Every structure is written in C-alpha cells, then in structure tokens.
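Novice:
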Amino acid sequence: MKASTKPLLPALLLLALLGACRSNPTQPEPAGSGAGAPQAAAPVSPAASPQARFTAALELMKNGQNAEAEKAFQDLAKDQPNASGPWTNLGIIYAKTKRRDAAIQALARAAQLKPDNAVAWNWLGIEYREAGNYAQAQNAYEQALKANANDPLVHLNYGILLDQYLKRPQEAIAQYQQYQQALGKQDLRSMAWIAELQAANPAPAAPAAKPGNQP
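Taking mature numbering (1 follows the signal peptide of the UniProt record, and there is no 0), I'd label the letters of the sequence shown as residues -22 to -1, 1 to 193.
(1) Quick one: what does DSSP say Q90 is sitting in, helix, strand or coil?
(2) Does the ligand FAD have even one heavy atom less than 7 angstroms from the beta-carbon of N126?
(3) In this structure, does DSSP put D79 in helix, strand or coil?
(4) Does DSSP put S27 in a helix, in a strand, or in coil?
(5) Report the rounded CA-to-CA distance for Y154 versus G162, giving the unit in angstroms.
(6) Between the alpha carbons of A86 and P185, how many angstroms are there, rounded?
(7) Relative to the C-alpha of N117, which candidate in N128, Q142 and A89 has its C-alpha closest?
(8) Spatial neighbours of L175 within its chain, please: CB distance less than 7 angstroms, with the 5 preceding and 5 following residues excluded, ordered by chain position.
(9) Measure the CB-CB distance between Q43 and L68 and report whether it falls below 8 angstroms.
(10) Output the distance between the C-alpha atoms of H133 and N179, rounded to the nearest integer angstrom.
(11) Put R107 into one of helix, strand or coil per three-state DSSP.
(12) CA-CA distance, M39 and A47?
(13) Using three-state DSSP, classify G63 as helix, strand or coil.
(14) How many angstroms separate the CA atom of A81 from the CA atom of A173?
(15) What are the boundary residues of the alpha helix (DSSP H) that includes L134?
(16) Which class does Q164 belong to by DSSP, given the choice of helix, strand or coil?
(17) Which of the three DSSP states is assigned to P185 in this structure?
(18) Is it right to say R107 is buried, meaning 16 or more other beta carbons lie within 10 angstroms of its own, or is it exposed?
Okay, structure coming up:
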C-alpha cells in the first residue's frame, strides 16, 4: 500500500483545546460558524485571567494568526509552567510550521505535566513517526490509548503506523476495527484498508482437531 493513501490524522482537541482538521495533521481547523474569512482576534491584556488569555490565544490560533498565538502561548507557559494546555498548543503550532524538534519538546512537556493528555500523546506519535522514530511513535500512541481508549483518531493513526511502517498487518486490522467502533459509524476508507489487508494477509487457519481414539 502506498503511504500517500493514508494521511496521518491528529486528535480532535475539544473545548479548552483546539479542533484540528481531519484531512491534514498540521493544519488546525479555522474557527467561525459562518462563511467568509475569519476575523482577527482582539488582543487581551496581559493582566487578564489565565483562562481569558488561553481562550484568546486559541482564537488567534483558530484564525490562523500563528505568530501571535505562539507568543501568547509562550507567555502563558512562562506564567503557568505547570499547565499542560499551553504546551500542547505550542507543540501543535510548532508541528504545523515544520519545527519538529520544538514540537516534540513542547508536546513531551505537555504529556509530562498531564499524563492523560491523549491529544499531546497523539501528536507526539505523529511527530515521532514523521521523524522515523517508530518505536517512540508506537509508545506515544499506546500512551494516548491509555489516556483515552475510545479516541478514534488515535486508533486510526496507530493502525497506519502498524500497517505501513511496522508491517504488522493483523495488529493494524485490529486498530482499524477499533477506530470504526470508536467512531460509531462505518468509514468506507478504513473498511477498504481492512479488506485489502485481510486479502493480502489471511489469518492463519486454526489447527484441525485430532480424531479421538476409536472404541
């Protein structure tokens, strides 16, 4: 199977974190419920509450104002060094601007601060995979699933790693199937991948039962 047919997908960041586009692991989904270009977010005073500053930084990020969002999250990370959210979103900004080492460092910090941060672990899996560190990518996905066993995109990304990079088709099939189960609906693309893998790698037949002794 060609690698280009299976783009890696980021986790969905809900509520306090950023929603990410399913078709591209490095581009956050733009904010806004209506048509037209997103409006520039209004600046927030450094004296505002950390939550207000975090929300404002998310708006900057969603609107594509990445330089401003990066500065805002850096300031928050400095002022709130034990908060995982700013580091997570810094890691995403670094990832989408092709600064992989900085992304890995920020995401690892986020995961260290909050070990159940499935979003940070999933993005770490993506970054490690793209760096060719497949064992670390596998560990990151497994940590993400420990944090949230029902995250469909983690199952999908893990399946892609097992399928295309680690060449473990039966385990990949299991992850694709768990992806569909967690998704709660049929996904024609992953169904096609499962069928392709099953056709190319049939499960070994169960050994035949030995005949019993005749009386």
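Cβ coordinates follow ideal geometry from the N, Cα and C atoms, glycine included.
Given the structure is predicted, the values throughout are model-derived calculations rather than measurements.
Specialist: This is what the structure gives:
(1) In this structure, Q90 counts as helix in the three-state DSSP scheme.
(2) Because no ligand of any kind appears in the structure shown, any question about the ligand FAD cannot be addressed here.
(3) Three-state result, D79: helix.
(4) Collapsing the DSSP output to three states places S27 in coil.
(5) Y154 and G162: Cα-Cα distance of roughly 13 angstroms.
(6) CA-CA distance, A86 to P185, rounds to 45 angstroms.
(7) Considering only alpha carbons, the answer is A89.
(8) Only D141, P147, A150 and I151 meet the Cβ criterion.
(9) Using a Cβ distance threshold of 8 angstroms, Q43 and L68 do not count as a contacting pair.
(10) So the alpha carbons of these two residues sit roughly 20 angstroms apart.
(11) Residue state, collapsed to three classes: helix.
(12) Across the structure, M39 and A47 are spaced so that their CA atoms are roughly 5 angstroms apart.
(13) G63 sits in a helix when the DSSP states are folded into three classes.
(14) Their backbone Cα atoms lie some 35 angstroms apart in a straight line.
(15) Counting along the chain, the alpha helix (DSSP H) containing L134 begins and ends at P130 to I138.
(16) Of the three classes helix, strand and coil, the one that applies to Q164 here is coil, per DSSP.
(17) The DSSP-derived three-state label of P185 is coil.
(18) By the 10 Å Cβ count, R107 comes out buried.
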